[in-house]
Amino acid sequence: MTHDTYAVIGAGPSGLAAARNLQKAGLPWEGYELASGVGGLWDIDGPRSTVYESAHLISSKRTTEFTEFPMRDEVADYPSHRELLTYFRDFAATHSLADGFTFETEVVQARPSGDGGWLVVSEGPGGRQERRHAGVLVANGTLSEPSVPTFAGSFDGEVLHTSAYKSPTVFAGKRVLIIGAGNSGCDIAVDAVHHAASVDLSVRRGYYFVPKYLFGKPADTLNQGKPLPPRIKQAIDSRVLKLFTGDPVRFGFPKPDYKIYESHPVVNSLVLHHLGHGDLAVRPDVRRLAGGNVEFVDGSTRPYDVVVLATGYHLHYPFLDPALLRWQGRGSAPDLYLNIFTQEDPNLFVLGMIEASGIGWQGRYEQAELVAAYLAARTSAPDAARELEARIAGPRPDLSGGYRYLGLERMSYYVNKDAYRSAVRAEIERLR
Ligand SMILES: Cc1cc2nc3c(=O)[nH]c(=O)nc-3n(C[C@H](O)[C@H](O)[C@H](O)COP(=O)(O)OP(=O)(O)OC[C@H]3O[C@@H](n4cnc5c(N)ncnc54)[C@H](O)[C@@H]3O)c2cc1C
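Residue 5 is where the sequence shown starts when you use the working numbering, and the numbers rise one by one after that.
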């Protein structure tokens, strides 16, 4: 049987944006989703969800929502995962998107058919199926495959990656060590202080802490005009942060050996609060695990019951041949034009493979808008489509916005939201 639909893999924010934009462009599509409904990782019951009971947006609602579907005014500035799941269900219902997805169905393989199309193999309630599609839009998320470091020695207590963490009751009465102080690590540390006997946070480097509110407004709603040059923005924002949150070094963190925005900032008003109250303590990097103890690089040793690995996630596209994404192996990211288009196949697109401060779901929506515009232009504006193809085959544009990002795995697909969104929007305009 021949199908000329585009396959959308995943019904999270990126997959819904893909479905919606294909729909708007009049392009037929069919979706596959492993969970029983839409919402992606915001559905805490989804099999790949990595949100926890206390999870809320880190960016505020107005900088995160889809522009065409604003959240209701009554919704809080930083809504909980439950509210966000309702939002995505409402979005899908408004545009009749859920009917286009087959749920509880996992794509286990997607490969070019050899004649310009794609074959998608899935497993679900109907068994294993192979279907032909015109192309594939991959939107399977970036935060589900845990990055688990190996440590010297062994630990007698419980070791838990943040991906498996749901509720702080697991910490009741326990001595907890959280390794890594990214956004999830800090959220979980704050959760733990209300239940655990003690909570320590082990860090390798210093961090910049951005409070959720500045001058009484969600911090990310300030400075939304024309982006300031990096040096000026870094100078102003680090000054403002020092005034508002104080110096994290005072609370035991190492001094960052990089400037603000050269790594993903931690948006959390409560970690420093709890450090100031003695509910939390900062420890250095781990040297080795030693039975019921953990030894740190400064030579100190402390006993713990639970170690939480807040060590992030790997990009993971297990159903695709890595060569199709020009994947350079673990510790790096696929080499894609605008983090979307591969040089290897004109009908394969990756959505949501962006990490950026403040990119929001609208940034992901615009990726889908670009893909739909390109597919439509292949018929309606073939010259413009060919010009984009030439750029896909050419050198990669600078999406750093002039910031020098740290050479960490999670920064390998990091972009500056302003540079990225204007590059994507410019491509959309050229196709119209
Ligand atoms: C605690 C936490 C807080 C966050 N806060 C923010 C925030 O404040 N602002 C922000 O912009 N982002 C935030 N994020 C990032 C979050 O990843 C995005 O908001 C958004 O969910 C990304 O959407 P996505 O559709 O790309 O991926 P996901 O939401 O991960 O959805 C991917 C979907 O694909 C499905 N899937 C995976 N593999 C397959 C397969 N093989 N076959 C079929 N289906 C498959 C999954 O089941 C899932 O439903 C946060 C993440 C976490 C964990």
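C-beta atoms are modelled at their ideal positions from N, C-alpha and C, and glycine is treated no differently.
The structure displayed is predicted, hence computed values, not measured ones.
Discussion item. So, for Met-5: in the same chain, excluding its five sequence neighbours on each side, which residues have a beta-carbon less than 6 Å away from its beta-carbon?
Written reply: At Met-5, the pLDDT of 40 sits below 50, so the modelled position is not reliable; the number obtained from the coordinates is stated separately. Leaving aside the five residues that flank Met-5 on each side, none in its chain has a CB nearer than 6 Å to its CB.
Fill in: 7 Å CB neighbourhood of Phe-155 in its chain, flanking five on each side removed
Val-290, Arg-292 and Leu-293
Practice prompt. Using beta-carbon positions only, say whether Glu-348 and Leu-328 come within less than 8 Å of one another.
Written response: yes
Worksheet item: Is Trp-3 near ligand 1, judged by its Cβ being under 7 Å from some heavy atom?
Response: A question about residue 3 goes unanswered here, because the residues of the chain that appear run from 5 up to 436.
Fill in: Start-to-end residues for the beta strand (DSSP E) that takes in Thr-305
305-307
Worksheet item: Are Trp-46 and Thr-9 closer than 8 Å when you measure CB to CB?
Response: No.
Worksheet entry | Meets three-Cβ-pair contact criterion under 8 Å: the region 358-366 and the region 62-69 | yes
Worksheet item: Any heavy atom of ligand 1 closer than 7 Å to the Cβ of Trp-1?
Response: Here the chain covers residues 5 to 436 and nothing more, so residue 1 does not appear.
Item to complete: Determine the burial state of Gly-145: buried for a count of at least 16 other Cβ atoms within 10 Å of its Cβ, exposed for fewer.
Response: buried
Item to complete: At 3 residues or longer, and completely inside the region 265-335: list those beta strand (DSSP E) runs for me, N to C.
Response: 284-287, 290-295, 297-300, 305-307 and 310-313
Worksheet item: Does the region 166-186 touch the region 304-322, meaning 3 or more C-beta pairs lie closer than 8 Å?
Response: yes
Worksheet entry | Run of the beta strand (DSSP E) containing Glu-134, from where it starts to where it stops | 131-137
Worksheet entry | Whole-angstrom distance between Gly-295 and Pro-153, CA atom to CA atom | 17 Å
Practice prompt. Along the beta strand (DSSP E) that carries Ala-114, what are the first and last residues, could you check?
Written response: Here the beta strand (DSSP E) through Ala-114 covers 110-116.
Practice prompt. Starting from Tyr-369, follow the alpha helix (DSSP H) in both directions and report where the run begins and ends.
Written response: 364-384
Worksheet entry | Euclidean distance between Cα positions of His-99 and Val-244 | 42 Å
Practice prompt. Flag Ile-344 as yes when its Cβ comes closer than 7 Å to any non-hydrogen atom of ligand 1, and as no otherwise.
Written response: no
Worksheet item: Taking the C-alpha atoms as reference points, what is the distance between Phe-257 and Pro-399?
Response: Taking the Cα positions, Phe-257 is about 40 Å away from Pro-399.
Worksheet item: Excluding the five sequence neighbours on either side, which residues of its own chain have a C-beta within less than 7 Å of the C-beta of Thr-173, listed in chain order?
Response: His-199
Worksheet item: Got a sec: does ligand 1 put a non-hydrogen atom nearer than 7 Å to the Cβ of Val-55?
Response: Between ligand 1 and the CB of Val-55, the shortest heavy atom gap is smaller than 7 Å.
Worksheet item: Does the region 404-424 come close enough to the region 353-363 to have 3 or more Cβ pairs within less than 8 Å?
Response: yes
Discussion item. Under DSSP, the beta strand (DSSP E) around Arg-76 begins and ends at which residues?
Written reply: Looking at the DSSP string, Arg-76 is not in any beta strand (DSSP E), and its letter there is neither H nor E.
Worksheet item: How about the region 201-215 and the region 182-189: do they share at least three Cβ pairs that are nearer than 8 Å?
Response: Yes: the two stretches touch, three or more of their Cβ pairs being nearer than 8 Å.
Item to complete: Measure the C-alpha to C-alpha separation of Leu-439 and Arg-330 and round it to an integer number of angstroms.
Response: For the chain, the structure presents residues 5 to 436; residue 439 sits outside this window and is missing.
Worksheet item: Which stretch, first to last residue, makes up the beta strand (DSSP E) that contains Arg-4?
Response: Since the first and last residues shown for the chain are 5 and 436, residue 4 lies out of range.
Worksheet entry | DSSP three-state assignment for Pro-234, whether helix, strand or coil | helix
Worksheet entry | Whether Ala-430 touches Lys-28 by CB criterion (8 Å) | no
Worksheet item: In chain order, which beta strand (DSSP E) runs of at least 3 residues are fully inside the region 138-199?
Response: 139-142, 156-159, 162-165 and 179-183
Discussion item. Taking 7 Å as the cut-off, is the C-beta of Trp-33 nearer than that to any heavy atom in ligand 1?
Written reply: no
Discussion item. Output needed for Leu-147: all residues of its chain with C-beta closer than 7 Å, excluding positions within five of it in sequence on either side, in chain order.
Written reply: Leu-45, Thr-54 and Tyr-317
Worksheet item: Helix, strand or coil: which one does DSSP assign to Ser-426?
Response: helix
Practice prompt. Kindly examine ligand 1 and report whether one of its heavy atoms sits closer than 7 Å to the Cβ of Phe-73.
Written response: no
Worksheet item: Buried or exposed: which applies to Ser-18, given that a residue is buried once 16 or more other Cβ atoms fall within 10 Å of its Cβ?
Response: buried
Worksheet item: Who does Val-207 pair with in a DSSP beta bridge?
Response: Paired residue(s): none; Val-207 is not in a bridge.
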